[in-house]
Each structure stands twice: as C-alpha cells, then as structure tokens.
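The next block holds one structure in the form of structure tokens; read it before the comments.
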Amino acid sequence: MAGRTGPDDDGAGALTMSSCLPSILTVPEAELQAFFRDNGEKSFRRKQLQEWLYRRHTLQFAAMTDLPGALRLALTERFADCSSTLAATLPAPDGTEKLLLHLADGEAIEMVLIPSPGRMTFCLSTQVGCPVGCRFCASGRDGLIRNLHTHEILEQLYHGSARIGRLPDNIVFMGIGEGLLNLKQLLPAITMLIAPERFGMAPRRLTVSTSGYVPGIYELAAFGRELNLAVSLHAVDDATRAVLIPDTLRYPLAEILAAVDDYQQKIGRMATFEYTLIEAVNDQDSAARALARLARRHHAKINLIPYNATTELFRRPSNAVIRRFAELLEAEGAKMTLRLEKGAKVAAACGQLRATHRRTPAATE
Ligand code: SAH
Ligand code: SF4
Numbered sequence: 001m002a003g004r005t006g007p008d009d010d011g012a013g014a015l016t017m018s019s020c021l022p023s024i025l026t027v028p029e030a031e032l033q034a035f036f037r038d039n040g041e042k043s044f045r046r047k048q049l050q051e052w053l054y055r056r057h058t059l060q061f062a063a064m065t066d067l068p069g070a071l072r073l074a075l076t077e078r079f080a081d082c083s084s085t086l087a088a089t090l091p092a093p094d095g096t097e098k099l100l101l102h103l104a105d106g107e108a109i110e111m112v113l114i115p116s117p118g119r120m121t122f123c124l125s126t127q128v129g130c131p132v133g134c135r136f137c138a139s140g141r142d143g144l145i146r147n148l149h150t151h152e153i154l155e156q157l158y159h160g161s162a163r164i165g166r167l168p169d170n171i172v173f174m175g176i177g178e179g180l181l182n183l184k185q186l187l188p189a190i191t192m193l194i195a196p197e198r199f200g201m202a203p204r205r206l207t208v209s210t211s212g213y214v215p216g217i218y219e220l221a222a223f224g225r226e227l228n229l230a231v232s233l234h235a236v237d238d239a240t241r242a243v244l245i246p247d248t249l250r251y252p253l254a255e256i257l258a259a260v261d262d263y264q265q266k267i268g269r270m271a272t273f274e275y276t277l278i279e280a281v282n283d284q285d286s287a288a289r290a291l292a293r294l295a296r297r298h299h300a301k302i303n304l305i306p307y308n309a310t311t312e313l314f315r316r317p318s319n320a321v322i323r324r325f326a327e328l329l330e331a332e333g334a335k336m337t338l339r340l341e342k343g344a345k346v347a348a349a350c351g352q353l354r355a356t357h358r359r360t361p362a363a364t365e
C-alpha cells in the first residue's frame, strides 16, 4: 500500500463560491443571533427562519413569505441560501429518480431518490469524484476533484425534499465519493441532520458507506452516534480486492474487519458488508461460502449488489449466477439482501450521470 492518509483538501469553510457569503446552513449560531440583534429583529423571527430551514425544507430566502421584505433582503445581503442548482432529473420505471446537481464552481454531483414500500431513501454524495478509484466505479475514474462542503452535502437534502415534499426516512451516503475521507465536512452535516432543533433525524436512519478506509471507521466510532456502517468488501481475500481497488487507499481486510468489530462494539449497530458481484472475479461458490462465514463471524449483514457495467473491464454475472450466490449465502446462514441495483436503470451506477454532464474541466481547489 503506497499511502494511508486521505487527501489534505478538507473543503474547509462554508463560503459558497459564487457569492462568497457564508451559507445560512452552516453559519454559527452566535453569528446568526448577532445578525438578528443587529437588525433589530425579535427572537421569534429567528425561529421563523429555522422553521423554514428545518421543518419546511426551504432554503431560498425569497420563498420565506412570512418574513418581512426588509429582513429577507438583509438575509440575502449577508448569507447565501442555496449554492447548488438542479440541472437534470432522470426518473426510472422502477420509481427511483436520479438528480444531477450543479455546484457553484461548475462541478456536478448526483443524488438518488429511492422509494420502497412505506419509505423513501436519499442516496447522497460526499465528494466531487473519488480518490479511491475502484476500477469498476464511474465516480472514481478521474480521481478526486474536491471535497463537498458541509452545506453542499446538506443542500442535496433540499433538492430531494423539494421533489417529495418532505424529508426522507433514510439517508445513505453511498453516492459519489468516499465519505470517510471527508469527515471534516460530513460529520458537521450529520450533526445537523440528527440535531433535534435542526433536521431531527434518528442516527439509525443514516448510513455511511466506505470502501474500507480504516482510520475513518475508527473516527466514526469515536464520533459515537448510532449511525449504520456499510463497508464495501467486494472480496474475501486481499488478492481479489486488489484487482478491484487500487493500492493507494486500500487497507488489508484484517485491519478493516478489526475496525468493523471495534465500531460494532462501541456503537452497537450491526454492520453491513457490501459486495459488488462481478463475473469471474468474486462470484464463485467458494467466495459465497467464505463471505457468509465472514459475515457470521463479524455479525454483519450482506448487501449483494450485482455489478452494473461501467467499463469493459468487468461483466455482471448472469441472473442465474447472482441467484445462486444469494442462495448459497442464505444456505450458509448469512443475513443477506440482494440489491437489485435500482439506480442502475437511471443512467446506471453512481458517478455515471455526472461523468456525462461535466461542465468545466477538472479544477482543484
Ligand atoms: N465510496 C463508498 C460509497 C460510495 S460507492 C464505498 O465505496 O462504499 C457505494 C457503493 O456503490 C459501493 O458499495 C460500490 O461498490 C457500489 N458501486 C459503485 N459502482 C458500482 C457499479 N458500477 N456497479 C455496482 N455497484 C457499484
Ligand atoms: Fe470511490 Fe466508492 Fe466508487 Fe470506490 S466505489 S471509487 S470508494 S465511490
């Protein structure tokens, strides 16, 4: 393994790039209070603003119709509301919908709305591109462009809520990027999502997915909230993982599993092993049996994801092989869900829509 630390770019700061004003979502509480005081506003105006932001899922000051015009103007002059714009929507017959969002600097990210009976899940991005560069994944093809800011992570929620008229039931950070390499921006976003006075979501409704970035798993455990952890294993041995994940940010399986054990012990939530099933790479009967054993030993459930073709390098196994693999897991006593890649029909897996909609050449911050 060539290197073990994440990129230095922490995407710090909450300035939206177009206006250079701080985002209303991440402005420190004391500063907001001072703003209302300086503008001679009563404290109930602040509550009204928070009601719009966190209960009515509205970011645009112009839409906050019960605030006086002068206050809305003052807010506009001092803070930025929504820095990203909805650039395209791609609905699929299975009910999922992918949203392409343009960021203030011309970059683009994706999110997916995934309905299932009785609930709605939003799949959100954490970075523009991804430094891990898994060979089967469109998101990592050009490496990391930049980290998302906290407000950009949260704005996805507003774009999604605008489509469905409410907050989602669940959020999975499984869109573009390796969230554990952007914890500086992701943890404040999660803190706001679970704060009762903000979005008020239960931590167990949030899932962070990682390719196995070990220091990040320990950091998430230290964060100490009951978040779900999903780890993209894809293989039961290091040699096979090396075929799929480049050396730079890949950790040995043993270290990943030790970190997962530590997480479960501290947080008390069952982990999930994600397993992208790829023909002749990791779809053998022996792999299924070993995966089931691993999952049982580490008290994890398995999320089986049939590969959705993004490159000529790999192929999706036939449905018969996928079914057999799933049946073997169950026969071996593993807890398993077969994700039928709902996103696959909407311009395919994560990162592909963005890849076709880039507006500007890659720019680093
Ligand atoms: N970086 C994190 C989260 C984003 S990727 C991680 O790797 O876990 C979320 C999931 O999508 C991962 O399990 C990944 O393996 C899967 N994925 C990415 N591209 C895919 C593809 N083309 N087909 C199937 N699954 C894919
Ligand atoms: Fe990054 Fe996850 Fe894609 Fe790998 S699968 S390149 S870690 S987004």
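Residue numbers for the sequence shown follow my numbering, beginning at 1 and rising by one.
Built from N, CA and C at the ideal position, the CB exists for glycine as well.
Here the structure is a predicted model, which means the values were calculated and not measured.
The ligand SAH heavy atom lying under 7 angstroms from the CB of residue i
{"i": "residue 218", "result": "no"}
{"i": "residue 132", "result": "yes"}
{"i": "residue 136", "result": "yes"}
{"i": "residue 274", "result": "yes"}
{"i": "residue 305", "result": "yes"}
{"i": "residue 210", "result": "yes"}
{"i": "residue 232", "result": "yes"}
{"i": "residue 182", "result": "no"}
{"i": "residue 282", "result": "no"}
{"i": "residue 228", "result": "no"}
{"i": "residue 240", "result": "no"}
{"i": "residue 310", "result": "yes"}
{"i": "residue 201", "result": "no"}
{"i": "residue 174", "result": "yes"}
Residue i - partner residues in DSSP beta bridges
{"i": "residue 229", "result": "208"}
{"i": "residue 127", "result": "147"}
{"i": "residue 172", "result": "123 and 207"}
{"i": "residue 35", "result": "Partner(s): none; residue 35 has no beta bridge."}
{"i": "residue 98", "result": "90 and 112"}
{"i": "residue 201", "result": "In DSSP, residue 201 forms no bridge with anything."}
{"i": "residue 319", "result": "Residue 319 is not bridged to any residue."}
{"i": "residue 306", "result": "277"}
{"i": "residue 240", "result": "None, per the DSSP bridge assignment."}
{"i": "residue 338", "result": "304"}
{"i": "residue 80", "result": "23"}
{"i": "residue 248", "result": "In the DSSP output, where bridge partners are listed per residue, residue 248 has none listed."}
{"i": "residue 85", "result": "102"}
{"i": "residue 272", "result": "230 and 301"}
Same chain, Cβ closer than 7 angstroms to residue i, five either side skipped, listed in chain order
{"i": "residue 257", "result": "298"}
{"i": "residue 326", "result": "304, 336 and 338"}
{"i": "residue 240", "result": "281 and 282"}
{"i": "residue 20", "result": "none"}
{"i": "residue 290", "result": "236"}
{"i": "residue 252", "result": "238"}
{"i": "residue 119", "result": "169 and 170"}
Whole-angstrom C-beta distance between residue j and residue i, which should lie under 8 angstroms
{"i": "residue 305", "j": "residue 329", "result": "So it is not a contact: roughly 13 angstroms between Cβ atoms."}
{"i": "residue 100", "j": "residue 92", "result": "Not confirmed; about 14 angstroms, so no contact."}
{"i": "residue 231", "j": "residue 210", "result": "6 angstroms"}
{"i": "residue 89", "j": "residue 112", "result": "Actually they do not touch by this definition, with Cβ atoms about 11 angstroms apart."}
{"i": "residue 98", "j": "residue 110", "result": "6 angstroms"}
{"i": "residue 85", "j": "residue 57", "result": "About 16 angstroms separates the two Cβ atoms, so there is no contact after all."}
{"i": "residue 271", "j": "residue 264", "result": "6 angstroms"}
{"i": "residue 49", "j": "residue 67", "result": "7 angstroms"}
{"i": "residue 213", "j": "residue 244", "result": "Their Cβ separation, rounded to whole angstroms, is 15 angstroms, which puts residue 213 and residue 244 out of contact at 8 angstroms."}
{"i": "residue 178", "j": "residue 233", "result": "The Cβ separation is near 15 angstroms, so there is no contact."}
{"i": "residue 78", "j": "residue 35", "result": "6 angstroms"}
Residue i: CB within 7 angstroms of a non-hydrogen atom of the ligand SF4
{"i": "residue 190", "result": "no"}
{"i": "residue 140", "result": "yes"}
{"i": "residue 368", "result": "Outside the shown range of the chain (1 to 365) lies residue 368, about which nothing can therefore be said."}
Contacts around residue i, its chain only, beta-carbon distance under 8 angstroms, and the 5 residues preceding and following it disregarded
{"i": "residue 194", "result": "200, 201, 202, 203, 206 and 225"}
{"i": "residue 314", "result": "135, 136, 278, 279, 281 and 307"}
{"i": "residue 262", "result": "217, 218 and 221"}
{"i": "residue 332", "result": "288, 289, 292, 293 and 296"}
{"i": "residue 260", "result": "217, 229, 231, 271, 298 and 300"}
{"i": "residue 161", "result": "57, 167 and 168"}
Sequence-distant residues of the same chain with beta carbon closer than 6 angstroms to residue i, five excluded per side
{"i": "residue 170", "result": "121 and 205"}
{"i": "residue 33", "result": "none"}
{"i": "residue 371", "result": "Here the chain has residues from 1 to 365 only, and residue 371 is not among them."}
{"i": "residue 269", "result": "226 and 228"}
{"i": "residue 182", "result": "126, 127 and 147"}
{"i": "residue 6", "result": "Residue placement at residue 6 cannot be trusted, given a pLDDT of 40 that sits under 50; what the coordinates show is reported in the next sentence. These residues qualify, in order along the chain: 181."}
{"i": "residue 61", "result": "72, 75, 76 and 81"}
{"i": "residue 186", "result": "126 and 179"}
Any non-hydrogen atom of the ligand ADP closer than 7 angstroms to residue i Cβ
{"i": "residue 336", "result": "Because the ligand ADP does not appear in the structure shown, any question about it cannot be addressed here, the ligands present being the ligand SAH and the ligand SF4."}
Within-8 angstroms CB hit, residue i to chain B
{"i": "residue 233", "result": "Protein chains in the displayed structure number just one, and chain B is not present."}
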